[in-house]
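There are 2 protein chains.
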Amino acid sequence: MSNNERRNFLKMGGAGLVGMAGILASGQAPAAATSGKIRFDVVSAFPKTLDTIYGGAEDAMNLLREMSDGKYDGTVHAAGEIVPGLKALDAASDGTAQVAHTALYYHFDKDDALAEFASIPFGPDARGMIAWMHHGGGNELANEVCAKFNLVHFACGNTGAQMGGWFKDEIRSKDDLKGLKMRLGGFAGKVLQPMGIQPVTLPGGDIMPAAEKGLISALEWVGPYDDEKLGFYKLFKNYAYPAFWEGGTQLSMTPNKKWWDPQPADFKAMFKAACMAATQNMLAKYDAKNPIALSSLMVKGVKVFRLPKDVMDQAYYISEQLYADISSKNPLFAKVHNSMTKFRDKHYQWHRLAEQTYNSYMTNQRGNRI
Amino acid sequence: MSNNERRNFLKMGGAGLVGMAGILASGQAPAAATSGKIRFDVVSAFPKTLDTIYGGAEDAMNLLREMSDGKYDGTVHAAGEIVPGLKALDAASDGTAQVAHTALYYHFDKDDALAEFASIPFGPDARGMIAWMHHGGGNELANEVCAKFNLVHFACGNTGAQMGGWFKDEIRSKDDLKGLKMRLGGFAGKVLQPMGIQPVTLPGGDIMPAAEKGLISALEWVGPYDDEKLGFYKLFKNYAYPAFWEGGTQLSMTPNKKWWDPQPADFKAMFKAACMAATQNMLAKYDAKNPIALSSLMVKGVKVFRLPKDVMDQAYYISEQLYADISSKNPLFAKVHNSMTKFRDKHYQWHRLAEQTYNSYMTNQRGNRI
Chain A
37 MSNNERRNFL KMGGAGLVGM AGILASGQAP AAATSGKIRF DVVSAFPKTL DTIYGGAEDA
97 MNLLREMSDG KYDGTVHAAG EIVPGLKALD AASDGTAQVA HTALYYHFDK DDALAEFASI
157 PFGPDARGMI AWMHHGGGNE LANEVCAKFN LVHFACGNTG AQMGGWFKDE IRSKDDLKGL
217 KMRLGGFAGK VLQPMGIQPV TLPGGDIMPA AEKGLISALE WVGPYDDEKL GFYKLFKNYA
277 YPAFWEGGTQ LSMTPNKKWW DPQPADFKAM FKAACMAATQ NMLAKYDAKN PIALSSLMVK
337 GVKVFRLPKD VMDQAYYISE QLYADISSKN PLFAKVHNSM TKFRDKHYQW HRLAEQTYNS
397 YMTNQRGNRI
Chain B
37 MSNNERRNFL KMGGAGLVGM AGILASGQAP AAATSGKIRF DVVSAFPKTL DTIYGGAEDA
97 MNLLREMSDG KYDGTVHAAG EIVPGLKALD AASDGTAQVA HTALYYHFDK DDALAEFASI
157 PFGPDARGMI AWMHHGGGNE LANEVCAKFN LVHFACGNTG AQMGGWFKDE IRSKDDLKGL
217 KMRLGGFAGK VLQPMGIQPV TLPGGDIMPA AEKGLISALE WVGPYDDEKL GFYKLFKNYA
277 YPAFWEGGTQ LSMTPNKKWW DPQPADFKAM FKAACMAATQ NMLAKYDAKN PIALSSLMVK
337 GVKVFRLPKD VMDQAYYISE QLYADISSKN PLFAKVHNSM TKFRDKHYQW HRLAEQTYNS
397 YMTNQRGNRI
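Going down the list, the protein sequences come from chains A and B. First residue of the first sequence: 37, per my numbering; consecutive thereafter. First residue of the second sequence: 37, per my numbering; consecutive thereafter.
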């Protein structure tokens with residue numbers, strides 16, 4: 037079945053032939069599913085150009101196919117192929133597709149608590165996020181929030197700490213941010229807007245055209261590897277770090293709960309393992325690709341600079357106010373935020389010792405060449 | 037079959053009934069193996085008391101069993117159950133068992149290059165190690181070195197940065213190290229000995245008895261979670277960080293190559309995914325358990341201190357000399373070391389920006405409570 041046929045079936049019936057095994061499985065006893073193949077669709081919130089993030093879903097599905105000798109087979113669809121990227125969660129939720137691969141902060145309009153499972157300003161780093169998910173109660177909470185939308189949750193990817201964006205001039209104080217029209221990802225705008233930035237939401241492919249027309253005066257995307265491909269260095273020469281709003285952004289794989297629940301145990305175990313492997317693989321890919329792209333950007337005349345302390349401090353203060361405010365209105369957000377922050381704080385108390393002193397020594401010895 | 041029977045079979049024939057599926061598989065066409073169950077033994081280099089490290093092998097094997105619905109089933113044996121911990125690699129190499137789970141620096145007497153795949157002084161941190169393995173050519177090199185011993189290599193676990201050990205008094209300069217009789221893990225002794233330390237090798241269970249008898253005057257083991265269980269804080273109150281010899285120690289799963297090669301593709305894919313999931317899970321477990329144990333140790337009167345710069349600098353200098361010396365005699369070590377250090381340096385050049393500045397800001401805001 038071609039992609040076109042597949043799309044037409046999906047458009048016609050909510051789920052086409054490719055989804056029928058899933059539908060049959062959820063309508064029959066689990067035993068029937070055990071004997072049979074499972075075919076399903078994964079709608080990605082991302083374009084193929086983000087090969088590392090988009091690729092996380094493909095990695096997971098390739099591994100699932102390999103492990104099951106083709107018995108379990110999920111097809112990944114890029115943003116716009118079946119539904120627009122920001123509708124990926126809806127598509128899995130209502131059964132248009134069986135699974136979504138997305139960053140849950142894209143969907144905070146449904147519930148702010150969702151953002152906690154991707155990244156919120158001053159959240160944990162990648163290791164802290166992964167540890168919270170698997171050994172700190174994070175994934176149980178993610179499932180509690182996702183169940184509201186008929187979804188099940190698996191962590192499936194992490195970008196690590198991201199860069200703080202591209203600017204015409206170096207930002208020397210919080211006053212330099214005022215009046216910027218900056219392309220931003222969703223939830224971070226809640227903190228950057230009170231700092232005087234006008235947030236603009238644009239998908240990846242639309243950022244450069246908007247910058248060329250002068251519709252935005254600054255932007256943030258991911259990090260060196262992804263940013264270089266989109267060519268931002270041609271218009272902006274000052275590259276900030278760190279993105280205090282993306283300290284360790286997590287991607288999520290969210291199957292439709294009604295479809296998922298009756299699936300056989302071996303399928304569930306493989307799916308879970310594939311998502312864990314893909315998480316590790318995405319972070320490793322970024323850790324391998326970002327340094328090369330960073331060097332390349334610097335050769336092209338890009339100057340990196342650290343966001344000044346007054347920017348960080350103001351953002352931190354606004355974030356704390358924001359979380360208190362949302363918590364007072366949304367008990368589920370309060371519950372998730374309380375779990376995350378308690379875990380995060382213990383994490384940093386521990387990482388402050390061996391991890392950070394080891395890495396700062398190594399950076400001074402080996403990482404200070406640029 | 038009981039563990040005793042299993043052991044007897046293994047002693048008698050090199051591989052018992054439990055290994056027969058593997059033997060049959062390697063003697064027959066791969067297609068025959070596809071239809072059949074695979075039963076095998078994993079010899080761990082670790083005692084069960086190291087539940088996080090030892091547990092990494094069990095996590096991987098539990099996941100394999102779950103994914104294959106019991107078709108593929110590896111039984112993990114603690115150190116001493118079939119062979120002593122330090123003989124784990126030999127056991128997989130000569131077919132006494134099918135697979136070993138170990139830290140490859142235990143076996144540097146076979147080839148110093150093996151140590152690079154666990155940890156050497158001033159190696160990469162956990163993320164750097166994982167990225168090097170999967171996207172920097174590290175695992176290809178590990179397979180090249182392991183093939184010399186009839187083994188295949190999979191990363192299967194990482195402890196993160198470890199603590200620098202337990203001392204009677206705080207170490208204030210490199211002179212304070214001179215004359216210490218210190219329990220140490222293998223390869224690190226090559227650097228610590230020239231600093232005036234007398235290295236003593238002891239398995240976990242023998243450390244406290246030796247300390248009580250005054251046979252050692254300092255020791256290092258892993259980190260807060262493992263160290264607290266062994267009770268070192270009862271005799272030593274000064275706890276150093278970081279272990280510059282264990283910045284991100286990796287565990288390895290090494291199947292016997294002759295047994296592994298003819299196994300079916302789905303088994304291989306599941307085994308690989310299980311090891312990747314176990315790697316992530318081990319690091320997450322340590323990241324969740326270490327902070328709690330650290331707080332508990334501090335309540336018990338333990339004082340943490342950072343190893344002084346002159347200790348780090350002397351160790352760094354000695355390490356560089358050591359690596360140059362080994363490289364001049366061992367081309368395989370030179371090849372592996374060159375690959376690792378190039379990758380590590382780029383890693384730190386990149387992590388110096390977003391990762392380290394984000395984490396140092398968060399540590400100041402949230403991690404400085406102790």
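Backbone N, C-alpha and C define an ideal beta-carbon position, used for all residues, glycine too. Note that the structure is a prediction, hence the values are computed from the model and not measured.
{"Asked": "Test item: CB-CB of residue 278 (chain A) and residue 333 (chain A) under 9 Å", "Found": "no"}
{"Asked": "Closest residue to residue 220 (chain A) among A:124, A:192 and A:203 (Cα-Cα distance)", "Found": "A:203"}
{"Asked": "Pair within 9 Å by beta-carbon distance, residue 181 (chain B) and residue 368 (chain B)", "Found": "yes"}
{"Asked": "Residue of A:214, A:347, A:118 and A:88 minimising C-alpha distance to residue 135 (chain A)", "Found": "A:118"}
{"Asked": "is_contact[residue 198 (chain B), chain A] using C-beta, thresh 9 Å", "Found": "yes"}
{"Asked": "Contained alpha helix (DSSP H) runs [length at least 4] in the segment 67-147 of chain A, N- to C-terminal order", "Found": "87-103 and 124-129"}
{"Asked": "Per-residue burial, residue 353 (chain B) [other beta carbons within 10 Å of its own, 16 or more giving buried]", "Found": "exposed"}
{"Asked": "Span separating the alpha-carbon of residue 100 (chain A) from that of residue 111 (chain A)", "Found": "11 Å"}
{"Asked": "Under the three-state DSSP convention, the category residue 290 (chain B) falls into", "Found": "strand"}
{"Asked": "Residues of its chain near residue 303 (chain B), where Cβ-Cβ distance is below 7 Å and the 5 sequence neighbours each way are ignored", "Found": "74 and 108"}
{"Asked": "Continuous beta strand (DSSP E) stretch holding residue 201 (chain B): start and end", "Found": "201-203"}
{"Asked": "Where residue 340 (chain B) meets chain A, residues with beta-carbon distance less than 7 Å", "Found": "389"}
{"Asked": "Enclosing alpha helix (DSSP H) for residue 400 (chain B) [first to last residue]", "Found": "It is not in any alpha helix (DSSP H) - residue 400 (chain B) carries neither H nor E in the DSSP assignment."}
{"Asked": "CB contact below 9 Å: residue 319 (chain A) versus chain B", "Found": "yes"}
{"Asked": "Residue 133 (chain B) versus residue 223 (chain B) - alpha carbon distance", "Found": "25 Å"}
{"Asked": "Neighbouring residues, chain B, relative to residue 102 (chain A) (Cβ below 8 Å)", "Found": "301, 302 and 305"}
{"Asked": "Residue 155 (chain B) at chain A interface by Cβ criterion, 9 Å", "Found": "no"}
{"Asked": "Residue range of the unbroken beta strand (DSSP E) whose run includes residue 235 (chain B)", "Found": "234-236"}
{"Asked": "9 Å Cβ cutoff, residue 280 (chain A) in contact with chain B", "Found": "yes"}
{"Asked": "Which of helix, strand or coil DSSP assigns to residue 63 (chain B)", "Found": "Legend: pLDDT at residue 63 (chain B) = 35, less than 50; position of this residue unreliable, value from coordinates given subsequently. Here residue 63 (chain B) sits in helix by DSSP."}
{"Asked": "Close Cβ partners of residue 125 (chain B) (< 6 Å) along its chain, the five nearest in sequence each way excluded", "Found": "136, 138 and 143"}
{"Asked": "Proximity to residue 201 (chain A) [Cα-Cα], best of A:81, A:337, A:273 and A:87", "Found": "A:273"}
{"Asked": "Sequence-distant residues of its chain with Cβ nearer than 7 Å to residue 255 (chain A) (five each side left out)", "Found": "201, 202, 218, 219, 243, 247 and 268"}
{"Asked": "9 Å Cβ cutoff met for residue 292 (chain B) and residue 131 (chain B)", "Found": "yes"}
{"Asked": "Uninterrupted alpha helix (DSSP H) stretches inside the segment 163-219 of chain A (no shorter than 4 residues)", "Found": "174-183"}
{"Asked": "Short CB-CB distance (under 9 Å) between residue 274 (chain B) and chain A", "Found": "no"}
{"Asked": "Residue 249 (chain A) versus A:266, A:264 and A:271, residue with shortest Cα-Cα distance", "Found": "A:271"}
{"Asked": "Segment limits, alpha helix (DSSP H) that includes residue 342 (chain A)", "Found": "Premise fails: residue 342 (chain A) lies in the beta strand (DSSP E), 339-342, not in any alpha helix (DSSP H)."}
{"Asked": "Below-9 Å beta-carbon distance, residue 374 (chain B) vs any chain A residue", "Found": "no"}
{"Asked": "Span separating the alpha-carbon of residue 394 (chain B) from that of residue 348 (chain A)", "Found": "10 Å"}
{"Asked": "Classification of residue 388 (chain B) by the beta-carbon crowding that lies within 10 angstroms, buried from 16 upward", "Found": "buried"}
{"Asked": "Members of the segment 87-113 of chain A that neighbour chain B once the beta carbon cut-off is set at 8 Å", "Found": "99, 102, 103, 104 and 105"}
{"Asked": "DSSP-derived helix/strand/coil call for residue 154 (chain B)", "Found": "coil"}
{"Asked": "Cβ pair residue 295 (chain A), residue 228 (chain A) closer than 9 Å", "Found": "no"}
{"Asked": "Presumed contact (8 Å Cβ cut-off) between residue 321 (chain A) and residue 88 (chain A), rounded CB distance", "Found": "5 Å"}
{"Asked": "Residue 29 (chain B) - partner residues in DSSP beta bridges", "Found": "The requested residue 29 (chain B) is not part of the displayed model; chain B covers only 37 to 406."}
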